[in-house]
Each structure stands twice: as C-alpha cells, then as structure tokens.
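Colleague: Got a structure here, written out as structure tokens. Questions coming.
Protein chains: 2
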Amino acid sequence: MQFGHFDDEAREYVIETPHTPYPWINYLGAQEFFGLVSHTGGGYCFYRDAKMRRLTRYRYNNTPVDDGGRFFSINDGGDVWSPSYRPYKTELDFFETRHGMGYTRITGERGGLRASVLLFVPVDVNAEIHQVTVTNTSDAAKSFSMFSFVEFCLWNAEDDQTNYQRNLSIGEVEVEDGAIYHKTEYRERRNHYAVYGVNAPIAGFDTDRDTYLGYGNGFHEAAVPHAGKSENSVASGWYPCASHQLEIELAPGESKTYTFVLGYLENAEDDKWESLGVINKTGAKALLARFATNESTDAEFAKLKAYWDQLLGSYTVESGDDKLNRMVNIWNQYQCMVTYNMSRSASYFETGMGRGMGFRDSSQDLLGFVHLVPERARERIIDIASTQFEDGSAYHQYQPLTKRGNHALGSGFNDDPLWLIAGVGAYVKETGDFGILDEMVPFDNDESKAQSLMEHLKRSFNHPLEKAGPHGLPLIGRADWNDCLNLNCFSSTPGESFQTTENQAGGVAESVFIAGMFAAIGPDYAVLARRRGDDAEADRAESAVADMKQAVVDHGWDGEWFLRAYDFYGNKVGTNDTDEGKIWIEPQGYCIMGGIGIDDGKAIKALDSCRERLNTPHGMVLQNPAYTTYKIELGEVSTYPPGYKENGGIFCHNNPWVIIAETIVGRAEYAWEYYKQIAPAYREEISEVHRLEPYAYAQMIAGKDASRHGEAKNSWLTGTASWNFVTVSQYLLGVRADYDGLVVDPCIGEEVGEYTVRRQIRGATYVINVKSTGAKGARLTVDGVPIEGNTVPYAVAGSIVQVTATL
Amino acid sequence: MQFGHFDDEAREYVIETPHTPYPWINYLGAQEFFGLVSHTGGGYCFYRDAKMRRLTRYRYNNTPVDDGGRFFSINDGGDVWSPSYRPYKTELDFFETRHGMGYTRITGERGGLRASVLLFVPVDVNAEIHQVTVTNTSDAAKSFSMFSFVEFCLWNAEDDQTNYQRNLSIGEVEVEDGAIYHKTEYRERRNHYAVYGVNAPIAGFDTDRDTYLGYGNGFHEAAVPHAGKSENSVASGWYPCASHQLEIELAPGESKTYTFVLGYLENAEDDKWESLGVINKTGAKALLARFATNESTDAEFAKLKAYWDQLLGSYTVESGDDKLNRMVNIWNQYQCMVTYNMSRSASYFETGMGRGMGFRDSSQDLLGFVHLVPERARERIIDIASTQFEDGSAYHQYQPLTKRGNHALGSGFNDDPLWLIAGVGAYVKETGDFGILDEMVPFDNDESKAQSLMEHLKRSFNHPLEKAGPHGLPLIGRADWNDCLNLNCFSSTPGESFQTTENQAGGVAESVFIAGMFAAIGPDYAVLARRRGDDAEADRAESAVADMKQAVVDHGWDGEWFLRAYDFYGNKVGTNDTDEGKIWIEPQGYCIMGGIGIDDGKAIKALDSCRERLNTPHGMVLQNPAYTTYKIELGEVSTYPPGYKENGGIFCHNNPWVIIAETIVGRAEYAWEYYKQIAPAYREEISEVHRLEPYAYAQMIAGKDASRHGEAKNSWLTGTASWNFVTVSQYLLGVRADYDGLVVDPCIGEEVGEYTVRRQIRGATYVINVKSTGAKGARLTVDGVPIEGNTVPYAVAGSIVQVTATL
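Protein chains in written order, with full-length UniProt numbering: chain A, 1 to 807; chain E, 1 to 807.
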C-alpha cells in the first residue's frame, strides 16, 4: 500500500494523504541552519547544534503525535483549517506534501481556497523561509484571516524540557513593526535571538502561547484562529510563541503570496542593545529586508535548486529501473548529505539532545559524502582525527559545537581507529589530495601534540595490533561496530549504560569483526604509506594484514561461517555450538570484504549460511537465533526482545557488507536481491508494513522473531545511507574511485539490463555505459579502446571519457 | 474569583469545575509509593524515586496540558465522556474533585449516569487504588461500557523521554486473567514489574497505546472508547499501556463499584520467572487478592483516614478564623508531609528527574515535619548527616534511592552545614532524644569515618568560622540560601549552570545572611554541648556567636537595613549606595532571628525598610529594585526578568523569616498582615490571579516589577510549607517546643481573637487557650496556676495540661 509517489523529474516524494503510518519527514538546510519538517508541518529548527541552539519547541512522543511545528491556520468565515491538515484535522478537499531536496511544499485546499506553504532554508542563510501562497479557486470573492504560528524553544532543548521551575519565568519577546523577536536569556549570557517576520502588514500578533491556544487547549483547539482575531499578547515567562494575523481578500482565481522568515541572529557582545532592554535588531532587519519581496524569495529558492543540481551531478545513473535510478540519483545521496550534517543527532527518533558526532559514525558517513563536497569532507576528517588519542584510540563521540571529544562516553571502542583510515582512504581516492596526509593534526585536541595525519593513521593501524588477544585477533574493548555486544561489561544494574559502565578487566574478549575490518581497511594504509615512499612501512603493514587474515582463518572460522568474537573467558560467540546467536552478520560481510576465504570456499560457505539462516524478505537479521534471555556476558544485545534491534533485528547498515561480499564473490543476483529487500523505494508498496519514509533508509527493520516483522524504526540515522550508497554505486553499479583511476566493475542483477553511469571526479566526466548485467567481470573500452583490467585511468580535468563495459 | 471551596470537616478542597487556571494537584502515598493527581485525573505514580522507578508516563509541558494520567472513559450509547472531564472535554452535568489527605475523589455525571473515581495509595501498600462507583441516576435501565487507561513509563523517566531509538523497541507486557502486566526490561536487569488489574470480569483489554488511541490521535480522540470495543492488543515495543473494558448494566438508582489496582512488585533475582519469558506473578496475585472485594478496599481507605487523623492530631488550633484553622490544622501540615517525602523532586513544576534530596532543603523540611512522625525525622537526620564531609561542608544534594551525595552538584554552598544544626535542634526539642547526638554517623557515606552526630554538628558549627572573610563574616562559597546569588561564578557561557560551574578563586565574598543564620542557629549548638556536659565547648560556641553578631553590627549594617553580602572584590551587596538590589529580604529576617539589632533599633529600622521597599499586597519581594541587566559579579539572580524568581519575585520561603522577626520585635499586626498575604487559603478569592492551588504554598509569586504581579509558580516545592508552619504555629500562634518545655508566646493580629491550640508532644497533651491577641507578652497559667515566663514545663506522658495565655 502506498501513501504517495515519487516525482523523479522534480526530485520530490509526493505524499498524497495526511494519513501516513508515521510522520514522514524532510530536512531543510545544509550548512549551519537546519530544520526538520514532517508532511503535516510538524518539526523544529536549530542553528548548528540541535541541543544547544534550538529555535522552536518540539515534543517527542507528544500526544497527539507531531503537533508542534510551523502551522498556518485559516479562518474562512468561521471555518478553521490548515493546509497541513494538522493540527485541526479539518478534512481537506485536496492535500499534498512534496518533500524535495532541502525544501518541502505543503498544499491544502478547502471550500474554494487553496493554501500552499513552501518551507526551505536558503543557501548560506540562517533562517527558515515559509512562503505561503493562497489562491481563491472558487467563483466568488473571498475574505479570510490567516494566522502563522511557531512556538519558541528556550534554546537548550534538554534544559527546555526539564527545568520548568526556572524556565517558566524567563521567557521574553519584543514585537516591532510586525516582526516578533524571541530574546529569552538574551538579557544575560546569550548574544543571539530569533525573529519571525512577514513581508506584509499584519492585523495582529500573539507571542504568549496560552493566549494563542487558550489555557489548557491543544493546538487543535487554538483559540485565536477560532476566534479569528489575534490578542496582541506579549509573553512574560511561560511559553513564548510567535503568531501573525493577516487579513486577506482574493478575487475569484486570484493568488497572493507571503514570505515569512524565521531567523537566527547573533550580535557582538558590545553591540547587543539598542537601548536598555531593547535588542539591537540590525541583523534581523537586514535579513527581513533580504526577503522583502516574493521575487527575492523565489531567487533564493532557485539558488537552492541549483545547489542541489550541482551536488547530485557527481554520480548519476540511467537505467530501466526507476526505483534504482531514484535511489541512486536522488534519495540515497540526499540522505548521505543529511547524515553527514546530522550524524545521529536529530531525527524523529533521535531527539538531538543526547548524541554528538560519532568517530565511527562520521568516518563512515564520509564514505557516502566525500564525492558530494570533498572540501567539507576534508574538514571533517581533520575534526575527527583531532579527537584521537596518542595511542590510536579515540573519543567515541565529539560535540559538533566545540569539536571536542565527549568525556562522558569516553573511549575504548576498539573498531573506532580503523574507520579513520577508511574515511581518509575514500577521501584521497576521490580527490587525489595526498597532501592531507601531511596536515598537522592534534591529539585529543591538544595542538602541542600535533602530528601529521599520516602518523594518526599509523596509530590507528597499530591499535588493533597492539590490543590483540590470545588468538592474535583484536581485543574488542567496550564494543566494536555493534555497540550492543558488550563482552567486558557484565552489567546487572537496571538502566545502567552498557557503553559507559566500568568494564571488567582481565578478560580476553576478541572481535573477529575487527579482524575482518583490519583485513579490509589495512591495505589502504599500506598503499598510502607506499605512495609516500615509505616502502618499509608499507611492507610491514601488508605483512600485518596477512597475519591477521591467517589468524581469522585459524581462529575465526566456525566451519560454516565466521565466528563473531571470543568472550571475556575466551569462549566462542557466533558458533553453531550454542543454541542462540549462532551466526552474526558482521564478520561474514567484513571478513570477505577483507579478502578472507575467497580462494578456499569459506566466503561462499559463509554467504550461503547467511542466506539460509539470516535472510528474510525484509533483509538479513543481525544474528540468529535471537537471544531469549539476558546474557550478562554478552551485554545489551541480549536485552532486546527477540527480533528487535541488535537482538535479531535487520540492520540496514550492515546488510550492505554482505551485499558487497556477494559482489566480491561474483553472485550478482543475490547481491541485487538483498539490495532491493531493504532499499526504501522498493519497499514503498508495503508502506503499511514498513511504516517509515519510502525515500529514506531506516536503521532497523524488525526481524523474523518479532511480532511486527518488517516494521522499520529509526529512519535517517547515521551510516546507513552511506553504506548503501557505497554498495549500490561502487559495487552493484560498480563504479568506484581508486587512487589512480576509476574502477568499473559492475555486479548487478540481470533484470537491470543496460545502464549508464555519469561520474564527475577530479574535474573530468566519465560516461560509463554498461551493456549487460547479471554477472561480474565486464571488459572495458575507454573512448572506444579496450583496456586490460577494470581501472579507467583518471583523465585530465575538463575531459569527458566514454567507457563501455560488456560481459 | 474561586473555583471551589474548602470542606474543613472532611479535610478536603472541593474543586467545582474542570476550568481552574492551572492543573490543581494532590499527592497520594506517604511511604514508598507515590502518585501525583490533578483535579482532572492527570499525573503519574512512582515507587520511591520519581526518576528511576516511574510506573506511568507523564508529559510535562504537553499540549494539550495534563492529558496523561489515569482515565476512565464511558461509552453510553455512543456518548463518550470521562468523569474527570479530560481528556474528552465532554461537558458534564455535574463535576467535582475532592482533594483530601492522601486521596482524591473525582466525580462526573452526564446523561443520568454518575461516575466517581476514588484514587488513593493505601498505607503500607505499593499500589494506587482506583475505586470507581457508577450510579444510574436516571429513570431507565442503563447499559454502557467503561474503559480504564494508564500509559506505562519505561521506568527511568529521563531515559523514557530521550532514548527513543532504543525504547521504542523494548516494550513488553503480559495479560493474564484480565490483569495487565508491564514488564519492559524485566527480561534483563530489572526484577520489578507493574500490574493493573480490576476485581471484575473484563470484556476486553488493550496494551498497545497506538491501538487504544488510534495512531496519531490525541487522548481526546481515543479510538477504543469511541468504538466502544477493546481490541485486545498486545504491545510489542512502541508504547505499552493498560486498558480494561467493562460492560455494565444498572437498574434505575443502582450503583456498582469496581476496584482497579495499579501496583509495583519486585521478585527475588532467582525467582523471577514462572517459565521462559513468563513472569512469576505471585506477588501481583496476592496484591490483587487483597483488593478483591470492595469492602476490603473500603477498609484500606478507612485505615488511610485514621492514619491522617493521628498525624494531624499533634497540633491543632480552634479560632474564629476559618482560613487560619484550615491552614494550620490541615493544609500546611499536609504540605509539610508532602515536601518531606518529595523534597523538590516531583511536582507539576519539578519533573522528578533532576533533583535529589537537598541537604539544605531536607534539613528545613524537617522543621515542619518533626512533630508529625518524629521517628522518620530521626532517620532523615542520619541520612542527611551521612553525606556531610569531614570538614563540615556537605554535598548539596543526595539521591533518595541510594542516599549517596550527588557528585554532579558537589559541595561549597556555605550555608548548608548550619541547617543540620537547625534540624537536629528541632528534633531534640520535639522529642527530648538527646541520644541521637551519640549516634555514630559516617562522613561522605564512608562508615570507616563515622563519628558521633554531635561531632558532625561541631564541624557544621565550625565551618562558617573556618571559612570566614576579611570582615569576620562567613564566606559565601558557591551560594548560600539564595542559590542564585553567585558571587564567585562569573559565568559568561550561555546555559552554563551557576550552581556547578567552576568558581573563581581568590575572592572575599562574604554572606551577611549566613552570619545571621549563625547567630540564630549557633545557640542551639551551644545548648546541645552544654546539655552533654561540655561547658567549655558551649562557652566557646556562645562566644563565637557573640563575635559573629558583633561582626554583623560592625560590617553588616547599611544604615537602614542589613547588607546582603560582600562580593568577590569586597564591594557591598544590598546597599543603598547602588541603584539596584539595594535591600534584600534574607538578612533582615535572619539577623533579627539571630537577635541582632533588637536592642539598638536596627531591627525595627530594617523591618520598616522591608515594609517600605519590599512589601506588596502579594507578599514581600526578595530584593528591590530588581536588576534590569545581567551582573556577572552577582550571577543567576540578575538573569531573571525583573519581578520573577530571585530577581524581585516574592518567595514564600523567606517571607516567614520577616514575619518571625516581626513577632520577635512584637509587632503582631504586621506579622499577621504578612502571613495572610501569602497563605494560600487567604488568596483563594483571587485564584484567577494567583492561579495555583489555594490549598498549597507556591515557591514564588511574581513581584511588583512583573507584568503578571501576583501570579504564583512552582507550588509544592520544598521548604516553603515548613517555614510557614513554623511561623504560624510557633511564632504567630506562639506554641513551640523547647528543650525543657513548651514555649507559649503568641503574637498575632487582634482580629484573630481568642483561640485554643491543642498540642501533643512527648506523650502529653497541652490545651492552650489564648484569651486575647494583638500584641506580644501574654502571661500564662498552667492548670490554673500563674507561672513566670512563657515556658510550660513538659508534663509526664499521658497527662493533659491546661494553659491560658492572657495579655
């Protein structure tokens, strides 16, 4: 069952009904100012940090759900409704929400009046624009009132929802020339404020939520829109909000357009005040002036469109499969941008309060982002590496505002260091910028300890070698990629965090997954060392990788699949010898990505075991059979009810590793089948089961042991989009950057048939026509000339290179 | 304007309309299980700790407000309503909520059907009882459906509202014999669960909130009650809830009663399971069996009534002023019990997540609680003292579950130590239990460092002497009673906590308020030392007190009032020489309580200054003029908009100190006037201005600089009730426990006229008839015999002593 459709031409998903199974959201902004907006207008916005600088209030888990946002209310002769349907739920004659690239357009029509709200954050502007067009679709003249509404958050979103004994006394606003200024705490240590204005005369305003709603009312009962008259309330404490009243007259067929601006402004410390208690509004007035005409707003919107045209031009595919095209060309890349910006910080499942940028998360997010804006990827790499410790380990997370490591969460996740090598490798392959390796980068943000980035990579590389266990496999530490496999934790205290609790010392818990990562990622380090002329180091690295692979072969193989780990006591995890958790997905994917078992049949065996034991029509579960009881020696993974999350749920983040592995062993049909199982566009038709957005990956889909098998949760989360984009673009479609050229090595299902990839990299454009699909091993021609192997050498900037690939 | 009335006979406040200006709440429970319930059924319940063991979910700052709670829905032939009015807001023919002592009864009637819900927590039972009586008030037979509903919180209330990426996957329930069991996380580290059952056959149930409400609906749109049929949903993740359906038939005039039990149960670690994944429900079944008949529920309710009869018997007054009677006999004492139990942890303004028990808070709460249950006061004293450090300082807060000091907030609030002496002094005066001074009590919860409680008091006493500044006044540290006067903080970072931020070293900030406290409380330490035979220590203490009083006279007097402090640089705070914050309330009250300026006219001058500069018809503001800009050298006090909170708001906690001071100087009429300004019963008639409960003190009333002057916030907060009860019972009515006898020293307005206090203490009963009022200095007779002075010696247990007091 569908609730909308893709409009690929416009790069939009069109939601046709307010009654989706969950709020389906979009993101506004790509630089410093961001908004989340649902198809019924819910959500919030913030400047840079979703916790520390939140402009508008949003209540997660509110009832009614998703009732806070930017709402436009129409009172047409006493008939009160909103084009976003919510909060009034007044039935509409027409409803449509179009989520596009960095913008959303919500349109509703009722009783001969159409209202369309375009929401976007302009490029390089710290503001949300709400451009509202009202059209009289009836035969008679119309005279009606329209009310805007946003509710302000008192800046720190966490404090805002906990510290009422203070917060209900501090709200302050100003109203000047029809613009509403939110200045809570500006009197003291803040130098920033918000403004909500409109480019038209207003008939009234409200800034006190209890006045606007009427005390005790829900948004659906809002008093002012129902009365059809603003109260001109000035908030003093309690709940500051901003609402304008516009009185509008429309002849039959006439349209009028209004631009509302919700902006964030800062003043210099010594320039905060116009007079005692009155904000210096110079910045806000300039912002409002910039959007004084609807034409200037249109121009800013056109700039945003152009910005995305440019971004999405680096990698495109034309195939006969619309779903594939839209995932690759639009939505998967779009989500990569979102997760690059948000990491795991802000979605409808992450409140934006608790999480910073992850060392592991952001390194992986880079993999799918590096081709979009390489210069921002470079900056991110330096930020991430700056939080590394001198021993190669790393803060597991860092704060986006300060870029400092998060002490509360600390270190000890032993896969973290290797991800840095993966991110840097991807960046250098994309750009050829080996110079980044010479950048001096601090350890633990201490400039006095700065070393070259290459030295950082060396310590990353050495870390799993230095922290190796009795089988020569890397010790797992607090946890590896699977945050919830906590082999040294032994927690018995309710609610205690498995990720931060004091770990037990003296164990020998090793991770076969990290060993696989080392095998897969280590060679990049060797190459980088060799390119810098350090052959000895390169040789040492290659030798270490070979040793690790042998250790996996010797101690990481269970007979039909790769083991997952050894626990604290040295017992196997992920073995056929146990009743539950026999086989885990992560080592199967990553060991094969590391080239282990390719030649001796282990890889195929492992993948067949995945197919037999992990696969479902909704994707591959993380492990199987799920744990039915809590295993103190395994930690959080066993706390979930079977089929959910790490306990047998389907992770869209690690399914790609198996898909890549299938392409490595050349099983194109399996790889393709697995890709389609989880790719949201292919799940659109079962939206009533999947429930979340059909244009964005979710972290998790409930597994086969769950009563809600197939239901997705945690959409828009870090890492997932990147890995899926890497998988489809580099391994299925088979076009991936390498150090000296573009590898073209397709391995995708036969049903896809002929397709063409356009790839812009290092200034040149490659037009790659893949003639046929269904297997691996295509032979290439470059500008008509056959070549050996599958690497198309990089051409000079500006050139257009024609490539064909034929089985 | 009133929204209800007091029913003093029943000890109830009767709310006559759902449309109060704010949710007016009550507390259930007095031992380990507590509930908060508003007059429209909102609120939640928890076991011992409002953060860590919350049974039901409540959304602070929800819209619509206060929509979560325990709701009973009636579907009477398609007409859906609730006796609590919310969440449906279906108009009722009759509505009444009676908040009583530990119980609330909500009654609604519509269309010839009356439903009355009695909510209470029985004595010594870890459960909320919801006893529902439905009555057919019509002339025809009735057949209708009734639905119960509670939504479960996933135990840790903070995690519950932040960690959705995990929490939405973990919810689990069981349903057995019509009882619904909430067992989220029971599979792992928890050994506790909740049950919601009813003593009648059910026609259906629901445990999945989205099914009960219908996805996306608000509580007012709940699908199941509107459909008139339960779906028998079993929650798997998302939002577990509990709802029963009862099918009820009533003849005209007939009533039926049902008892619902919402209980908390624990199992031993090795006895958790009945079978794989199935809870051992022995405890729950015993609980439900205990309330299987309505008669047994009635008996438990009678026990609760008797419990409160006994508690409130220790101090009663009969006067011609009903408001005075009800404050003293019922509501002020009741609030003392609530704040003793809750400290500042859980109200409709405190979420119950952020705060533990305060060292300062709980010591002051003792002052109004010690006569109610002295043995619990004793336990609390030991708990508090156990968190003290060896140097006399103290953790500012400690956790109720662990009774350990709160490291996050730490120490350095230099008034804290003295409050312990005040609390112990009050306890010993009430009980004569000098033995408590010999109790061995740890420092910093380290048993190996245990010393006698007397030694703790010594270190408390010495602390302000050892931490004294250049004027011989105590250094203020992080802050004194006024948490928001932060003289060493110098914070410029937005949102940074003034209470926990690193303080600047090297300053000389002194507190005249702490000096006043020392003068007022220090003598109790001297007495205790002398009673233990340590005359040298007593002499030393008395001498130190005298020196401190002299230091205040020499350096703490501004000419017309007492200074508030010296700042970091040694500049005066609270002086006529500055434009703002000229005069502060705290030192005026406490210095006079410490006996400073009584003889030389300073006290009268200071109190006249308070009257002139601080007093308003709504109480005395904290300081004046309020600060119009942020003063980095003063801290949080200057962050509030003028008139709110510490920046010129009216604190009901420190107004009593001025009232006591007025009784000390003998100005009965002023004392009485000030008492009435803030006492809630006297503000009942201006409920539309005051807005909060007319039966409970609020922390703060907006001051004269605020646009909402007279509006109260933060009701039910720690300390306030205690100080007001101390003031009215011990100083206005003038009956207070001393070491050797009961002091009878009334000082109350003439309009009160003759009154009688009955006081039970140390096993004897004192019937004190005060013949006339309007001044201080009554002469006493004891059993008809005139005595010298105003101390009635303690009589032997069991005796009844008749006292008269005549001007």
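Backbone N, C-alpha and C fix where the C-beta goes; we use that ideal spot for every residue, glycine too.
1) Measuring CB to CB, does A:H463 end up less than 8 Å from A:Y566?
2) Within a Cβ cutoff of 8 Å, which residues of the same chain sit near A:V801, ignoring the five residues on either side of it in sequence?
3) To the nearest angstrom, how far is the alpha carbon of E:Y670 from that of E:G749?
4) Give me the DSSP bridge partner(s) of A:R532.
5) Determine which residues of the segment 337–365 of chain E have a Cβ less than 7 Å from any Cβ of chain A, and write them out in chain order.
6) Of the residues A:S84, A:L265 and A:Y239, which one's Cα is nearest the Cα of A:L118?
7) Do you know how far the Cα of A:C591 is from the Cα of E:N267?
8) For a test of the three-state rule: what should DSSP assign to A:K549, helix, strand or coil?
9) Does E:I650 come within less than 8 Å of chain A when only Cβ atoms are used?
10) Less than 8 Å between CB atoms is the rule here; does E:K602 satisfy it with respect to chain A?
11) Give the single residue among E:F72, E:G43, E:K582 and E:G354 whose Cα lies nearest to the Cα of E:A222.
12) Would you say E:D270 and E:W238 are within 8 Å of each other, going by their C-beta atoms?
13) Contact between the segment 558–565 of chain A and the segment 584–598 of chain A is defined here as three or more beta-carbon pairs at a separation below 8 Å; is this criterion met?
14) Going by DSSP, what residues sit across from E:V770 in a beta bridge?
15) Can you tell which of E:K89, E:S345, E:F120 and E:D66 has its C-alpha closest to the C-alpha of E:R54?
16) Could you check where the alpha helix (DSSP H) with A:D206 kicks off and where it finishes?
17) Go ahead and label E:H192 buried or exposed: buried means 16 or more other beta carbons lie within 10 angstroms of its beta carbon, across all protein chains shown.
18) Comparing the C-beta of A:Q335 with each C-beta of chain E, is any distance below 8 Å?
19) Check the Cβ of E:W155 against every Cβ in chain A and list those closer than 9 Å, keeping chain order.
20) Only counting the same chain, and skipping five residues up and downstream in sequence, which positions put a Cβ closer than 6 Å to that of E:T257?
21) Would you mind working out which of A:V665, A:S169, A:Y644 and A:K704 sits nearest E:E636, comparing C-alpha positions?
22) Using the Cα positions of A:M593 and A:A385, report the straight-line distance between them to the nearest angstrom.
23) Using a Cβ-Cβ distance under 8 Å, would A:P641 count as near chain E?
24) Residue ranges of each alpha helix (DSSP H) run of no fewer than 4 residues wholly in the segment 62–92 of chain A, ordered along the chain?
25) Since A:S772 and A:L807 are thought to touch, with beta carbons under 8 Å apart, how far apart are those beta carbons, to the nearest angstrom?
26) Would you kindly check if the distance between the Cβ of A:R86 and the Cβ of A:T40 is under 8 Å?
27) What are the residues in the segment 57–71 of chain A lying within 7 Å of chain E by C-beta distance?
28) I need the boundaries of the alpha helix (DSSP H) containing E:M337, first residue and last residue.
29) Evaluate A:G559 with the Cβ neighbour count: other Cβ atoms within 10 Å of its Cβ, from every protein chain shown; 16 or more gives buried, anything less gives exposed.
30) Quick check: E:I248 and E:Y186, are their CB atoms within less than 8 Å of each other?
31) Can you tell me whether A:E662 is buried or exposed, with buried defined as 16 or more other CB within 10 angstroms of its CB?
32) Hey, does A:E185 have any beta-carbon neighbour from chain E nearer than 8 Å?
33) Under 8 Å, Cβ to Cβ, is there at least one residue of chain E near A:Y103?
34) Do residue 809 of chain E and E:V752 have their CB atoms nearer than 8 Å?
35) Take E:T575 as the anchor and find which of E:L276, E:A551, E:I596 and E:A606 has the nearest alpha-carbon.
36) Any idea if A:K303 is buried or exposed, counting beta-carbon neighbours within 10 angstroms, 16 or more meaning buried?
Modeller: For this structure:
1) no
2) A764, T765, Y766, V767, V782, D783, V792 and A795
3) 8 Å
4) A:R532 pairs with nothing; no bridge assigned.
5) F349, E350, T351, M353 and G354
6) A:S84
7) 44 Å
8) helix
9) no
10) no
11) E:F72
12) no
13) yes
14) E:Y755 and E:A805
15) E:S345
16) Counting along the chain, A:D206 falls outside any alpha helix (DSSP H), though it belongs to the beta strand (DSSP E) covering G204 to D208.
17) buried
18) no
19) P494 and G495
20) T133 and N294
21) A:S169
22) 24 Å
23) yes
24) none
25) 5 Å
26) yes
27) R59, Y60, N61, N62, T63, P64, V65 and D67
28) N332 to M342
29) exposed
30) no
31) buried
32) yes
33) no
34) With chain E represented from 1 up to 807, any question about residue 809 of chain E goes unanswered, as that position is not in the structure.
35) E:A606
36) exposed
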